[in-house]
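**Q** Structure below; questions to follow.
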Amino acid sequence: MKTDQLVRTFVDFYLERGHREIIGTTLIPPPGDPVLFTTSGMHPLTANIEGRPHPLGRRLVDVQRCLRTTDLDEVGDDTHLTTFEMLGTWSFGDYDGPQSLRWGYELLVGRLGLDVRRLHATVHPTDLLAPPIWSELGVPVEHTGENWWSNGPTGPCGPDSEIFYWSGDGPPTGTPTTDDRWVEIWNHVTMLYRRGEDGALTPLEQPSVDTGLGLERLVTILQGVQSVHHTDTFLPWRHHVPGLWPLDETDTRVVCDHLRSAIVVIGDGVRPSNTGRGYVLRRLLRRVLTLLWRDKPGRTLADLPDDLLSHTIDHFRLLISPPEVRTVLLDEERRFRDLLIRGRQIVSRRLTRSGPLTDADFRDLHDTHGLPRDLVETLLNP
Ligand code: SER
């Protein structure tokens, strides 16, 4: 099953069950939200979970693009991406957690044909409703204190039930906490409380259900491939990038992931800068360029073919053209190249004059010459 087909199957399944679809999601959070990027499907719906009516009603479904920089160091493994899509469903004070679990099971096993013997659930010890449902459905359950979801230090939160799939070759062994071949695919949260500034929990007037399913992870399973990087979403990237820039497998994955994220971030209106969202974009691109230039400083993003840019633009329905994306990429590449040339001269003069750099040197290089510490470290350890 192709990624787009899975999205349609998921959305249709919930439309048939009285949900309405939210269209036109973006990585940019609503005004007034302190975080830089949307990190989960529920994020833009926080106020609705806390009780504000949603114009589309009490049952919603969508596909939300998300960006998590917290997972940056894990990108390159089989499951983590900086930009990923979350299939989400919500019940605002309508049906309850057990109903959500039943539908989740019906979709995964009944509609998508996952082998129930490869499923495992985890639940929070305070959740007394989920375990009997999982037992009835024949899915083993593990209790963990980790099964508590919140969107940050304050705001809605509650116990969750996570669904894992066995990705190992042989029959399943262990549990999600003892064997990391259990891959989390879907999280069903029952939002019961609001955590206030003082840390205290206040019960929500109407409990809600919020679920988030990692699209690329489920596609990996359904397509029977080794990693998210081998799914149809990444196929054009895998086709072009190794030919353009021969790198080892991990670096290839990082380059494809970061460039794809950069296109989405640019498409959602962000431009490279030294602060906020623009700085995240800048770091993604500079990390790519650092990897590309380590072996061959002449490599350039100008070699990215238009159809690769279009593939990502079309998939995310971005309102930008390949030439516009290319202009931003090349402008940033030029700036970084200039900065490296200038930085190399300044750092080498400083090393000759006063030996290994101290914290004060790093501060001065940043404040006087605009050379951030991570860049100077890259220059010192290419
Ligand atoms: N909020 C939960 C998560 O991000 C479910 O959507 O995992």
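According to the numbering used here, the sequence shown is numbered sequentially starting from 365. Cβ atoms here follow ideal geometry from the backbone N, Cα and C, with glycine treated the same way.
Determine whether the beta carbon atoms of Leu715 and Val689 lie at a separation below 7 Å.
**A** Numbered from 1 along the sequence shown, position 351 holds the residue referred to as residue 715. Numbered from 1 along the sequence shown, position 325 holds the residue referred to as residue 689. Against a cut-off of 7 Å, the Cβ pair of Val689 and Leu715 comes out as no contact.
**Q** Would you tell me roughly how many angstroms separate the C-alpha atoms of Gly538 and Leu649, rounded to the nearest one?
**A** If you number the sequence shown from 1, residue 538 lands on position 174. If you number the sequence shown from 1, residue 649 lands on position 285. Their backbone Cα atoms lie some 40 Å apart in a straight line.
**Q** What residue range is occupied by the uninterrupted beta strand (DSSP E) comprising Gln570?
**A** Here residue 570 refers to the residue found at position 206 when the sequence shown is read from its first residue. Taken as a continuous stretch (DSSP letters only), the beta strand (DSSP E) holding Gln570 covers 565 to 578.
**Q** Using the beta-carbon count (16 or more within 10 Å), is Thr490 buried or exposed?
**A** Locating residue 490 in the sequence shown gives position 126, counting from the first residue. Exposed is the call here.
**Q** Which runs of the alpha helix (DSSP H) at least 4 residues long sit entirely within the stretch 377 to 456? Give them in chain order.
**A** With a minimum length of 4 residues, the continuous alpha helix (DSSP H) runs that stay inside the stretch 377 to 456 are 410 to 413.
**Q** Going by beta carbon distance, what residues of the same chain come within less than 7 Å of Glu569, once the five residues before and after it are set aside?
**A** Residue 569 sits at position 205 when you count from the first residue of the sequence shown. Correct list, in chain order: Gly415.
**Q** According to DSSP, is Trp513 part of a helix, a strand, or is it coil?
**A** The count along the sequence shown starts at 1 and reaches residue 513 at position 149. In this structure, Trp513 counts as strand in the three-state DSSP scheme.
**Q** At a threshold of 6 Å, does Asp574 count as lining ligand 1 (C-beta to nearest heavy atom)?
**A** The residue labelled residue 574 in the question sits at position 210 within the sequence shown. Yes, the beta carbon of Asp574 sits closer than 6 Å to at least one heavy atom of ligand 1.
**Q** Give the secondary structure of Gly468 by DSSP, where H, G and I count as helix, E and B as strand, and everything else as coil.
**A** Taking the sequence shown and counting its residues from 1, the one referred to as residue 468 is at position 104. Of the three classes helix, strand and coil, the one that applies to Gly468 here is helix, per DSSP.
**Q** Distance check for Val740 and Gly332, CA to CA, integer angstroms please.
**A** This structure cannot speak to residue 332, because the chain is shown only from 365 to 746.
**Q** Does the stretch 457 to 465 come within contact of the stretch 492 to 507, defined as at least 3 CB pairs closer than 8 Å?
**A** The answer is yes - the stretch 492 to 507 touches the stretch 457 to 465, with three or more Cβ pairs under 8 Å.
**Q** My assumption, with CB atoms under 8 Å, is that Thr597 sits in contact with Ser591. Please give the rounded CB distance.
**A** Locating residue 597 in the sequence shown gives position 233, counting from the first residue. Locating residue 591 in the sequence shown gives position 227, counting from the first residue. That belief does not hold up - the Cβ atoms of Thr597 and Ser591 are roughly 11 Å apart, past 8 Å.
**Q** Do you know whose CA, among Ile386, Pro417, Thr410, lies nearest Gly396's CA?
**A** Walking along the sequence shown from the start, residue 396 turns up at place 32. Ranking Ile386, Pro417, Thr410 by Cα distance to Gly396 puts Thr410 first.
**Q** How big is the Cα-Cα spacing for Ile387 and Glu510?
**A** The sequence position of residue 387 within the sequence shown is 23, counting from 1. The sequence position of residue 510 within the sequence shown is 146, counting from 1. Rounded to the nearest angstrom, the two C-alpha atoms are 32 Å apart.
**Q** Comparing C-alpha positions only, which one of Phe726, Pro394, Trp657 sits nearest to Ile705?
**A** For this step, residue 705 is matched to residue 341 along the sequence shown. The option with the nearest alpha carbon to Ile705 is Trp657.
**Q** Given a threshold of 16 other Cβ atoms within 10 Å of its Cβ, counted over all protein chains shown, does Ala485 qualify as buried or as exposed?
**A** As a working note, residue 485 is residue 121 in the sequence shown. Label assigned to Ala485: buried.
**Q** On the three-state DSSP scale, how would you describe Thr541?
**A** On the sequence shown, position 177 is the one that residue 541 refers to. Thr541: coil per DSSP, three-state reduction.
**Q** How many Å lie between Pro571 and Asp441 at the Cα?
**A** Numbered from its first residue, the sequence shown carries residue 571 at position 207. Numbered from its first residue, the sequence shown carries residue 441 at position 77. Those two C-alpha atoms are separated by around 36 Å.
**Q** Please report the distance separating the alpha-carbon of Gln709 from that of Leu744.
**A** Sequence index remark: in the sequence shown, residue 709 carries index 345 (1-based). Sequence index remark: in the sequence shown, residue 744 carries index 380 (1-based). Roughly 12 Å between the two C-alpha positions.
**Q** Taking only heavy atoms of ligand 1 into account, decide whether any of them is closer than 6 Å to the Cβ of Asn412.
**A** In the sequence shown, residue 412 corresponds to position 48, counting from 1. Asn412 Cβ: outside cutoff for every heavy atom of ligand 1.
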